[in-house]
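Q: One structure is given below, represented as structure tokens, and several questions about it will come after.
Chains as they are written, first to last, in the numbering used here: chain C, 3 to 349; chain X, 847 to 1334; chain V, 90 to 424.
Now the structure itself:
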């Protein structure tokens, strides 16, 4: 019989989860009368079929990877930072603020953008600090604290878009007035991809990987996440570490928001976070909170999203098919993992 | 109702908790059950009350063999257990607590009838609990009273009480004893599990003593304390060779320490700890040793008094100060409080060593861990996850993680669950530290260990702390009496 | 009173009804000790499913009935997954609920694509004769449809059940202290399954209450239903897990929404969504007050005070607590 903790067993179960997820999604496709094979091939071609498509996938990869990188830190600390969406939003707001304020100041655009990005990180970190404070000193679950603050952040965004920052003329759901091209992150050729944002995301995950796996900070954070009581007895200041993880994740989320403003939308729109925060949580769960796999899995998820965009046009299917597959993957991994543990416990 | 336990056997893995227990309790008796921690009393009571099922043996109620499948089933058959922390619903009202769980009740519980029943029962025993108050505002004694009434209402004819007098006032204790006496007059059978000798001697019509899983003796009044103590603790042999590393130098001065816990109060303790000395804290679990030890370690804040280490008073300071002053705390729950499941041995050692730079030097950490594994003969490799190690090796790991040098080492149950060999080995290591100047204060339920390895012993009973007893000059009898509450 | 205001208040009750169902359903689930985070996605999926079933049933009345049945079924099934994963497989309730809320939302949009924009049956208006004619109250309370009337009944039923029936008391017990409930004969895990599914069914009913009535039809991402489930979760907490307070919270939320619309002309630049977030700061505040006594720094500070202030403060802290069911989120193991 296979040994209890054999890595092959783990891998086998993981593959089973993937197979089940694909089967489930296929079943859903069949239910809508679609051809599963066509749908899948369309997703692949829609995300990787041309240079433009690949670039679009990369554009979607950047915010997801940034958000996931930050979330890996809070997950390591044993936290469910559901408030990440609001942190992305606050980052975007701070970035927009700096761009608006310094846009006419005569400073070189590169400097303005750089300051705006830093401001974004700061905004996200501050918003995360509120969740952290509520959790550590108020005992408020970071799940509900974060959830509540997500909604407050969205309301704040709407207030700004329809109030002080509204477009001249009629305020509109399409957001604030677009920034002039000098304040956009420079892009590659005709593509919408900015190498700066790509570089930032890649640098980000490398840094996170190194911090979590190679530093004392990362190890202590892991200790806090796995057994806060014992970590405390070992002399690790658990409160400080928890707060640090919120700040780091918030900063990354803020950078995500900054990228959304400077590299993608070039203004502030109501749903600036675009669900990347929650999707990052899903990626984190799927990679079992290990940084090594964050980049490929988040790329895969980004590809699914981009690839599904053309489904409504080509196959008359809704693009949320990607969400169904992503959710099914995480759900089945959870279930299969639970079954595996039960089976190995019983033996 | 007559209760008979016949050849009960229960094992938990390698631990033989109940070994061929046969006990008959006639109806209308208060049966005392004595034994030190780990003797098997609670396992036996849990079998009788339906929490566990025996591996072998039978239970007979009124001479009829019965099968008890769950605690609720036990109650249905007439056996009710009163736990140390009564299993009630604190945020709910008294009357609701009383009602819930009654079988064959209608959809809408008949509150009037329940209130009347509660009232009548309270009258019988002279209790005065307001049915409309919330249980979390009741004292422990009142919660016990409520639970007793509830069990009576459900038709219990056997009542098991597990250490009922911990944390209740003297008046409530009197009331409880009066209640029990009244109940047995009505034919109830009471099993009274306690370590408090005076109470057992005063209350019980019969006493059974358990030791290491066996029933070692039964007696009737008049009771001889010495005999009871002897049965409980057995003959503890004085070691031939004592390693006494104590010096006259004073390491720690505890003055007028006062500790408050929601169940206990420890008042005015003053002790001077010498360098290299080992002090053992003896007493039944829940008598205050743990609170005392945690206060010495800086994990709990005392409400009064001083803890002086090298002229500095640490009392009231945060845990970090204690740690930095060279005080280490080793908890008993290894995987819950002392070690971190999911982390490897190397990671543990990296965490406890001095930090050097931002990045962890993995090869250095590996080398360090291999060295420690050798020094402490831990059966495992640096990459082993801590939860994969056996209990004994986890304890060695905990020991290996301690900093050197240390002024004071505080340990909860350092050798719990370990075999003799590991125990001897661990104590040898500990005595080495003593020779280097570390003082040790430890808690243990094993009287043998306490006498053998301590230089002096403090006995705890209900929050009271004895004067230090010289371990070379004492014996199981004297300690047993103190542990049981006599001779204070 | 101005007829328009009365009609507006009637509208408040109508829009509160589905939220009442969802929040009361979650209250029951959380009272049993389980957190079902999938509420948001469940409502969307149930709304779509209910609409699709009603749409494709030839007879409109049967269609409505089947539609609501489908909604409840969807809610119960999703809740079953939550229950199974967390009770039997011992996975985190948060993890499963979170995945399901996103996945059910996407499933709703995806599967609902074909029926987007179609017109289906709508629950008819039904004033209660006699009661309708009471001045003021008649217009507000009794000129509604079956959905709203059933929300009144549900509030009463849930309240009576939890506080006045034998099983309801045991439900409280399971959430507060499962060990004590177990000793009193409760099969804790089986009951948790049942209550989670019951709560889920009630949440599921909220879906068709939108797609077959106040937000009739299925409009995909612009149906405006995304977010209601999170609000229901917030209201459950803000209502202190007490059905009456939870229902009041749902009505308060609907009232604030209405006020937002009414005040719109005077504040032209601010969309009504801003007022809609009110439940969330309130939820956070409730949680703060719940937990303030537990924090370790509070305990340490208390220990450092002289005895009299210490006693008084400890008492005040205990009074302030609106406790969640003590074992919420914690799996039950009997030895």
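Quick reminder that beta carbons are idealized off the backbone N, C-alpha and C, glycines included. Nothing here was measured: the structure is a model prediction, and the numbers come from that model.
Are the stretch 239-252 of chain V and the stretch 1317-1332 of chain X touching, with three or more C-beta to C-beta distances below 8 Å?
A: no
Q: Which class does residue 1093/X belong to by DSSP, given the choice of helix, strand or coil?
A: Taking the second chain and counting its residues from 1, the one referred to as residue 1093/X is at position 247. Residue 1093/X: coil per DSSP, three-state reduction.
Q: Alpha carbon to alpha carbon, what distance is there between residue 212/V and residue 289/V?
A: In the third chain, counting from the first residue as 1, residue 289/V sits at position 200. In the third chain, counting from the first residue as 1, residue 212/V sits at position 123. Taking the straight line joining both Cα atoms gives about 22 Å.
Q: What does the alpha-carbon distance come out to for the pair residue 3/C and residue 370/V?
A: Your numbering for residue 3/C matches position 1 in the first chain. Your numbering for residue 370/V matches position 281 in the third chain. Per-residue confidence for residue 3/C stands at a pLDDT of 47, beneath the threshold of 50, marking its modelled position as unreliable; the derived number appears in the next sentence. Near 54 Å, if we compare the C-alpha coordinates of residue 370/V and residue 3/C.
Q: Note down, in chain order, all residues in the stretch 1107-1141 of chain X with a beta-carbon under 7 Å from any beta-carbon belonging to chain C.
A: none
Q: Just checking residue 1323/X against the ligand MN - is the residue's beta carbon closer than 7 Å to any of the ligand's heavy atoms?
A: With respect to the ligand MN, the structure offers nothing, as it holds no ligand at all.
Q: Could you run through the stretch 1197-1213 of chain X and flag, in chain order, every residue whose CB is less than 9 Å away from some CB of chain C?
A: Answer set for the stretch 1197-1213 of chain X: 1197, 1198, 1201, 1202, 1203, 1204, 1205, 1206, 1208.
Q: With 7 Å as the C-beta to C-beta threshold (strictly closer), list the residues of the stretch 308-334 of chain C near chain V in chain order.
A: 319, 320, 322, 323, 325, 326, 329, 330, 332, 333
Q: When we look at the beta-carbon of residue 991/X and count the other beta-carbons within 10 Å, is it buried (16 or more) or exposed?
A: Your numbering for residue 991/X matches position 145 in the second chain. Residue burial is scored here from C-beta neighbours: residue 991/X has at least 16 other C-beta atoms within 10 angstroms and is therefore classed as buried.
Q: Compare the C-beta of residue 136/V with all C-beta atoms of chain C and state if any pair is closer than 8 Å.
A: The residue labelled residue 136/V in the question sits at position 47 within the third chain. Taking Cβ atoms only, chain C never reaches closer than 8 Å to residue 136/V, which makes this a no.
Q: Please report the straight-line C-alpha distance between residue 198/C and residue 225/C, rounded to a whole angstrom.
A: Against the first chain, residue 198/C aligns to sequence position 196. Against the first chain, residue 225/C aligns to sequence position 223. Whole-angstrom Cα-Cα distance: 34 Å.
Q: Would you mind telling me which residues of chain C sit closer than 8 Å to residue 323/V, beta carbon to beta carbon, in chain order?
A: Here residue 323/V refers to the residue found at position 234 of the third chain. Ordered by position in chain C, the residues that pass the 8 Å Cβ test against residue 323/V are 146, 149, 150.
Q: Have a look at residue 79/C and residue 377/V and give me their C-alpha separation to the nearest angstrom.
A: In the first chain, counting from the first residue as 1, residue 79/C sits at position 77. In the third chain, counting from the first residue as 1, residue 377/V sits at position 288. The alpha-carbon atoms of residue 79/C and residue 377/V are separated by roughly 22 Å.
Q: Does the CB of residue 319/V have a neighbour CB from chain C at under 8 Å?
A: Reading the third chain from its first residue, position 230 is the one you call residue 319/V. Yes, because at least one Cβ of chain C sits closer than 8 Å to the Cβ of residue 319/V.
Q: Quick check on this structure: which residue in 883/X, 914/X, 906/X, 884/X has the alpha carbon closest to the alpha carbon of residue 898/X?
A: The residue you call residue 898/X lines up with position 52 of the second chain. The shortest C-alpha separation from residue 898/X is found at 914/X.
Q: Tell me which residues share the same chain as residue 1146/X and place their Cβ nearer than 6 Å to its Cβ, disregarding the 5 neighbours each side in the sequence.
A: The residue given as residue 1146/X occupies position 300 in the second chain. A distance below 6 Å between beta-carbons, with the five flanking residues on each side excluded, links residue 1146/X to the following residues of its chain, in chain order: 1140.
Q: Taking DSSP's pairing of strands, which residues face residue 1038/X in a bridge?
A: Here residue 1038/X is taken as the residue at index 192 of the second chain, counted from 1. Answer is 878/X, 1007/X, bridged to residue 1038/X.
Q: Considering only the alpha carbon of each residue, which of 1181/X, 930/X, 943/X lies closest to residue 229/C?
A: In the first chain, the residue the question calls residue 229/C occupies position 227. Of the listed residues, the one whose Cα sits closest to residue 229/C is 1181/X.
Q: So which residues on chain V does residue 938/X lean against when the C-beta distance must stay under 8 Å?
A: Along the second chain, one-based indexing puts residue 938/X at 92. Within 8 Å Cβ-Cβ: 258, 261, 262, 265.
Q: Along chain C, which residues have their Cβ under 9 Å away from the Cβ of residue 179/V?
A: By 1-based counting over the third chain, the position of residue 179/V is 90. The contacting residues are 340, 343, 344.
Q: Give the straight-line distance between the Cα atoms of residue 251/C and residue 185/V, rounded to the nearest whole angstrom.
A: The residue you call residue 251/C lines up with position 249 of the first chain. The residue you call residue 185/V lines up with position 96 of the third chain. Cα to Cα, the separation comes out at about 22 Å.
Q: By DSSP, does residue 362/C sit in helix, in strand, or in coil?
A: As displayed, chain C neither begins before 3 nor continues past 349, which places residue 362/C out of reach and without an answer.
Q: Using the Cα positions of residue 203/C and residue 66/C, report the straight-line distance between them to the nearest angstrom.
A: Here residue 203/C is taken as the residue at index 201 of the first chain, counted from 1. Here residue 66/C is taken as the residue at index 64 of the first chain, counted from 1. Going by the C-alpha atoms only, they are around 9 Å apart.
Q: Check whether chain V comes within 8 Å of residue 256/C, counting only Cβ atoms and requiring the distance to be less than that.
A: Locating residue 256/C in the first chain gives position 254, where the first residue counts as 1. No - not a single Cβ of chain V is within 8 Å of the one on residue 256/C.
Q: Could you give the distance in angstroms between the alpha-carbon of residue 1303/X and the alpha-carbon of residue 872/X?
A: Taking the second chain and counting its residues from 1, one reaches residue 1303/X at position 457. Taking the second chain and counting its residues from 1, one reaches residue 872/X at position 26. One C-alpha to the other measures close to 40 Å.
Q: Determine the extent of the beta strand (DSSP E) in which residue 1262/X is found, giving its start and end residues.
A: Mapped onto the second chain, residue 1262/X falls at position 416. No beta strand (DSSP E) contains residue 1262/X, which DSSP labels as neither H nor E.
Q: Which value, in whole angstroms, describes the spacing of the CA atoms of residue 169/C and residue 124/C?
A: By 1-based counting over the first chain, the position of residue 169/C is 167. By 1-based counting over the first chain, the position of residue 124/C is 122. The straight-line gap from Cα to Cα measures roughly 25 Å.
Q: Whose CA, out of 329/V, 178/V, 196/V, lies closest to the CA of residue 321/C?
A: Within the first chain, residue 321/C is the residue found at index 319, counting from 1. The residue among 329/V, 178/V, 196/V with its C-alpha nearest the C-alpha of residue 321/C is 196/V.
Q: Which residues, in order along the stretch 1083-1105 of chain X, keep a beta-carbon less than 9 Å from a beta-carbon of chain V?
A: none
Q: With DSSP as the reference, label residue 1175/X as helix, strand or coil.
A: Counting from 1 along the second chain, the entry for residue 1175/X is found at position 329. Correct three-state label for residue 1175/X: strand.
Q: From residue 163/V to residue 268/C, what does the alpha carbon distance come to, in whole angstroms?
A: The count along the third chain starts at 1 and reaches residue 163/V at position 74. The count along the first chain starts at 1 and reaches residue 268/C at position 266. Cα to Cα, residue 163/V sits roughly 41 Å from residue 268/C.
Q: What distance in whole Å lies between the Cβ atoms of residue 851/X and residue 880/X, which are believed to be in contact at a cut-off of 8 Å?
A: Working through the second chain from its first residue, we reach residue 880/X at position 34. Working through the second chain from its first residue, we reach residue 851/X at position 5. Between residue 851/X and residue 880/X the Cβ distance is about 16 Å, and since that is not below 8 Å, they are no contact.
Q: Take residue 1169/X and list the residues in its own chain whose beta-carbon comes closer than 6 Å to its own, dropping the five residues that flank it on each side.
A: Position 323 of the second chain, counted from the first residue, corresponds to residue 1169/X. Nothing listed; no residue qualifies.
Q: How do the stretch 99-119 of chain C and the stretch 284-304 of chain C stand: do at least 3 beta-carbon pairs fall below 8 Å, yes or no?
A: no
Q: Please report the residue range of the alpha helix (DSSP H) in which residue 1169/X lies.
A: Position 323 of the second chain, counting from 1, holds the residue named residue 1169/X. Looking at the DSSP string, the run of the alpha helix (DSSP H) that includes residue 1169/X is 1165-1170.
Q: Opposite residue 930/X in the DSSP bridges: which residues?
A: Numbered from 1 along the second chain, position 84 holds the residue referred to as residue 930/X. Note: residue 930/X sits in no beta bridge, so no partner.
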